[in-house]
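First comes the structure, then the notes that go with it.
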Amino acid sequence: MDYSSYPRNDVLCIDMRSFYASVEAVKLGLDPMKTLLAVVGDPNRSGSIVLAASPELKRIHGISNVSRFFELPDDPEIHIVPAHMADYLNVSMEITKLINQYVPKQAIHQYSVDEVWVTVNGLDRLFGDRWEVARQIKKDILDCFGITASIGIGDNKFLAKTVMDLHAKKVGIAECTYEQVKEKLWPSPIEDIWGIGSRMKRNLNRMGIVTLGQLARFDLEHLKKRFGVMGEQLYWHAWGIDLSPVFGDFIKTEQKGFGHGISLLRDYSKEEVTVCILDLCEEVCRRAREAGKTGRTVQLGISYGKETGGGFSRSKSIYTPTDVTMDVYQICFQLFQEFYDGNSNIRHVYVTLSNLFNKGEIQLNLFENRAQKNDIGYVMDAIRRDYGATAILRASSYTEAGITLERSKKIGGHRA
């Protein structure tokens, strides 16, 4: 492969190791890398997920971020703490501000709360080469926050991210240039490569592709025919080629729709779930109104409990775009009545408003006062904006089946 025509940048992929657990350890005055600590979503529920485990807990007891609370061993040295999402977001923002002292905002691409890409082109005279910049940022994060970072260095985002996952998490800082792809990436199993999930792994394995090197040597046209544009991307990634931008505003993206869902803490009956659906419709429409958008397509997703399994996801489009809660709810209710099997308990609900339009003139209707329906939503939004998310709620939200009150105490589905 001739790499001479492909762009070379100095890209770092920075990952805060066991971020949630590290923040909690620092708060307790403990060493994040040596203490045994688990961050649990809700310690009052035995089935609650372990959101983060300290590196030492992972090493000694094999606990991972998909383990459950009841799977934690009975070890008195293990510190069990509930999640504090607001703290993690605050620390993440402070780390981003620290990185902003090295590079402009346009060179920072936040990938997740604990992972970020940073393009450090042209910093040689100020801080040294990209290795020296990585070392200094890693030291600053440790000195300022007590958190250990792993940093991958690459000629593009894919290389930086992949070498971070495969090598930097073991040694601290690792680099992969175009010329090092065969040596450092090709021997790795495809499931260890960023962007290849379990389903894609199964599909590739059936084609005899087990390692990244085998994927790189596979026929491109065959991959394109089998997987479309995704197959082409897989092929070029296997050669270490990634043309995604390394500078720009990575926050602003075109909104395709507004969705909101919840995994219920218990089985909901047919009667109870309508309350949950209404609460979700309220949140979806609030976000649409806030963005000045209306939508024509409403989608309802329902997953049943473990006893029966399954569920459905159906959508319906309407002629007049809307951002009115009761309009969306009525469509969801129709979909539920039509596709619900009538017996199964429900554990997951999702509502989406898509096929968006900019908010414009209200379409008049002789049989209803659409202007009044719109005004009600905006008044409720204003009250919540000024006095809090729970300042005004529908009566159904106060019932046992309502979800808004409980969710108002959480960030990202976990305790703030």
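Residue 114 is where the sequence shown starts when you use this note's numbering, and the numbers rise one by one after that. Glycine included, each C-beta is placed from N, C-alpha and C at the ideal position.
1. Assuming contact is defined by CB atoms lying nearer than 8 Å, are residue 232 and residue 163 in contact in what I supplied?
2. For the putative contact between residue 270 and residue 357, defined by C-beta atoms under 8 Å, what is the C-beta separation to the nearest angstrom?
3. Which term fits residue 382, buried or exposed, when burial requires 16 or more other beta carbons within 10 angstroms of its beta carbon?
4. Tell whether a beta-carbon distance below 8 Å holds between residue 152 and residue 196.
5. Does the segment 256-264 come close enough to the segment 348-362 that 3 or more CB-CB pairs lie under 8 Å?
6. Counting Cβ pairs, one atom from each stretch, are 3 or more of them under 8 Å apart for the segment 416-431 and the segment 490-508?
7. Comparing alpha-carbon positions, which option in 273, 457 and 148 lies nearest residue 419?
8. What does the alpha-carbon distance come out to for the pair residue 316 and residue 215?
9. On the DSSP letters alone, give me the boundaries of the alpha helix (DSSP H) that residue 133 sits inside.
10. DSSP three-state label for residue 158, please.
11. Could you check where the beta strand (DSSP E) with residue 461 kicks off and where it finishes?
12. So, helix, strand or coil for residue 120, using DSSP?
13. Going by C-alpha distance, which of 184, 159, 161 and 203 is nearest residue 170?
14. Is the distance from the Cβ of residue 268 to the Cβ of residue 307 below 8 Å?
15. Would you check if the segment 332-351 and the segment 382-392 touch, i.e. whether three or more CB-CB distances between them fall below 8 Å?
16. Output needed for residue 371: all residues of its chain with C-beta closer than 6 Å, excluding positions within five of it in sequence on either side, in chain order.
17. For the beta strand (DSSP E) holding residue 412, just list the boundary residues, first then last.
18. Is it buried or exposed, residue 532, if we count other Cβ atoms within 10 angstroms and call 16 or more buried?
19. Please state whether DSSP places residue 261 in a helix, a strand or coil.
20. Could you check whether the segment 406-417 touches the segment 500-516, counting it as contact only if at least three pairs of C-beta atoms, one from each stretch, sit closer than 8 Å?
21. Could you pull out every residue in the same chain whose Cβ sits closer than 7 Å to the Cβ of residue 391, ignoring the five residues on either side in sequence?
22. Excluding the 5 residues flanking residue 425 on each side, which residues of the same chain have their C-beta closer than 6 Å to its C-beta?
23. Please look up how many angstroms separate the CB atoms of residue 303 and residue 248, rounded, as I've assumed it's under 8 Å.
24. Count the other CB atoms, across all protein chains shown, that sit within 10 Å of the CB of residue 235; report buried if there are 16 or more and exposed otherwise.
25. Taking all protein chains shown into account, do 16 or more other C-beta atoms lie within 10 angstroms of the C-beta of residue 291, making it buried, or fewer, making it exposed?
26. Give every residue of the same chain whose Cβ lies closer than 6 Å to the Cβ of residue 288, excluding the five residues on either side of it in the sequence, and list them in chain order.
27. Is it true that the CB of residue 260 sits closer than 8 Å to the CB of residue 139?
28. How close, in whole Å, do the beta carbons of residue 202 and residue 253 come, if the pair is a contact with beta carbons under 8 Å?
29. Pull the bridge partners of residue 428 from the DSSP assignment, please.
30. Within the same chain, show all residues whose beta-carbon is closer than 6 Å to that of residue 280, passing over the 5 residues directly before and after it, in chain order.
31. What does the alpha-carbon distance come out to for the pair residue 142 and residue 150?
32. Out of 363, 238, 131 and 313, point me to the one whose CA is closest to residue 341's CA.
33. Do residue 361 and residue 223 have their C-beta atoms closer together than 8 Å?
34. So, at 7 Å on beta carbons, what are the nonlocal neighbours of residue 148 in its own chain, with the 5 sequence-adjacent residues on each side left out?
35. Which value, in whole angstroms, describes the spacing of the CA atoms of residue 512 and residue 389?
36. Secondary structure at residue 381, three-state DSSP: helix, strand or coil?
So, from the data block:
1. Within the sequence shown, the letter at position 119 stands for residue 232. Within the sequence shown, the letter at position 50 stands for residue 163. In this structure, residue 163 does not lie closer than 8 Å to residue 232 by Cβ.
2. Walking along the sequence shown from the start, residue 270 turns up at place 157. Walking along the sequence shown from the start, residue 357 turns up at place 244. With a Cβ gap of about 6 Å, residue 270 and residue 357 count as contacting.
3. For this step, residue 382 is matched to residue 269 along the sequence shown. Exposed: under 16 other Cβ atoms inside 10 Å.
4. Against the sequence shown, residue 152 aligns to sequence position 39. Against the sequence shown, residue 196 aligns to sequence position 83. In contact: residue 152 and residue 196 (Cβ atoms closer than 8 Å).
5. no
6. no
7. Indexing the sequence shown from 1 puts residue 419 at position 306. Checking every option, the nearest Cα to that of residue 419 belongs to 457.
8. In the sequence shown, the residue the question calls residue 316 occupies position 203. In the sequence shown, the residue the question calls residue 215 occupies position 102. Taking the straight line from one Cα to the other gives about 42 Å.
9. Your numbering for residue 133 matches position 20 in the sequence shown. 132-140 is the span of the alpha helix (DSSP H), which, as asked, contains residue 133.
10. By one-based count along the sequence shown, residue 158 stands at place 45. Reduced to three states, the DSSP call for residue 158 is coil.
11. Numbered from 1 along the sequence shown, position 348 holds the residue referred to as residue 461. It spans 459-471 - the beta strand (DSSP E) in which residue 461 sits, taken as one unbroken run.
12. Numbered from its first residue, the sequence shown carries residue 120 at position 7. Note: residue 120 maps to coil in three-state DSSP.
13. Residue numbering aside, residue 170 sits at position 57 when the sequence shown is read from its first letter. For residue 170, the closest C-alpha among the options 184, 159, 161 and 203 is that of 184.
14. Position 155 of the sequence shown, counting from 1, holds the residue named residue 268. Position 194 of the sequence shown, counting from 1, holds the residue named residue 307. No, the Cβ-Cβ distance between residue 268 and residue 307 is not below 8 Å.
15. no
16. By one-based count along the sequence shown, residue 371 stands at place 258. For residue 371, where only same-chain residues beyond five positions count, the Cβ hits under 6 Å are 397, 400, 401 and 466.
17. Numbered from its first residue, the sequence shown carries residue 412 at position 299. From DSSP, the beta strand (DSSP E) with residue 412 extends over 406-417.
18. The question about residue 532 has no answer here: the residues shown for the chain are numbered 114 through 529.
19. For the purposes of this step, residue 261 is identified with residue 148 of the sequence shown, where counting begins at 1. Three-state DSSP puts residue 261 in coil, outside helix and strand.
20. Contact check between the segment 406-417 and the segment 500-516: fewer than three CB pairs, one atom from each, fall below 8 Å, which does not count as touching.
21. Against the sequence shown, residue 391 aligns to sequence position 278. 442, 507 and 509.
22. Mapped onto the sequence shown, residue 425 falls at position 312. Closer than 6 Å at Cβ, skipping near neighbours: 415 and 452.
23. In the sequence shown, counting from the first residue as 1, residue 303 sits at position 190. In the sequence shown, counting from the first residue as 1, residue 248 sits at position 135. The Cβ separation is near 31 Å, so there is no contact.
24. One-based indexing of the sequence shown puts residue 235 at position 122. With fewer than 16 other Cβ atoms within 10 Å, it is exposed.
25. Numbered from its first residue, the sequence shown carries residue 291 at position 178. Answer is buried; the Cβ neighbour count reaches 16.
26. The residue given as residue 288 occupies position 175 in the sequence shown. The answer, listed in chain order, is 266.
27. In the sequence shown, counting from the first residue as 1, residue 139 sits at position 26. In the sequence shown, counting from the first residue as 1, residue 260 sits at position 147. A distance below 8 Å separates the beta carbons of residue 139 and residue 260.
28. For the purposes of this step, residue 202 is identified with residue 89 of the sequence shown, where counting begins at 1. For the purposes of this step, residue 253 is identified with residue 140 of the sequence shown, where counting begins at 1. Between residue 253 and residue 202 the Cβ distance is about 20 Å, and since that is not below 8 Å, they are no contact.
29. Taking the sequence shown and counting its residues from 1, one reaches residue 428 at position 315. Looking at the DSSP assignment, residue 428 forms a beta bridge with 412.
30. Here the question's residue 280 lines up with position 167 in the sequence shown. So the qualifying residues of the chain are 287.
31. On the sequence shown, residue 142 is found 29 positions in, with the first residue counted as 1. On the sequence shown, residue 150 is found 37 positions in, with the first residue counted as 1. Near 12 Å, if we compare the C-alpha coordinates of residue 150 and residue 142.
32. Working through the sequence shown from its first residue, we reach residue 341 at position 228. Nearest of 363, 238, 131 and 313 to residue 341, Cα basis: 313.
33. By 1-based counting over the sequence shown, the position of residue 361 is 248. By 1-based counting over the sequence shown, the position of residue 223 is 110. Contact: no.
34. By one-based count along the sequence shown, residue 148 stands at place 35. Non-local C-beta neighbours of residue 148 in its own chain, meaning closer than 7 Å and more than five positions away in sequence, comprise 138, 167, 169 and 192, ordered along the chain.
35. As a working mapping, residue 512 is identified with position 399 in the sequence shown. As a working mapping, residue 389 is identified with position 276 in the sequence shown. Near 10 Å, if we compare the C-alpha coordinates of residue 389 and residue 512.
36. Counting from 1 along the sequence shown, the entry for residue 381 is found at position 268. Residue 381: strand per DSSP, three-state reduction.
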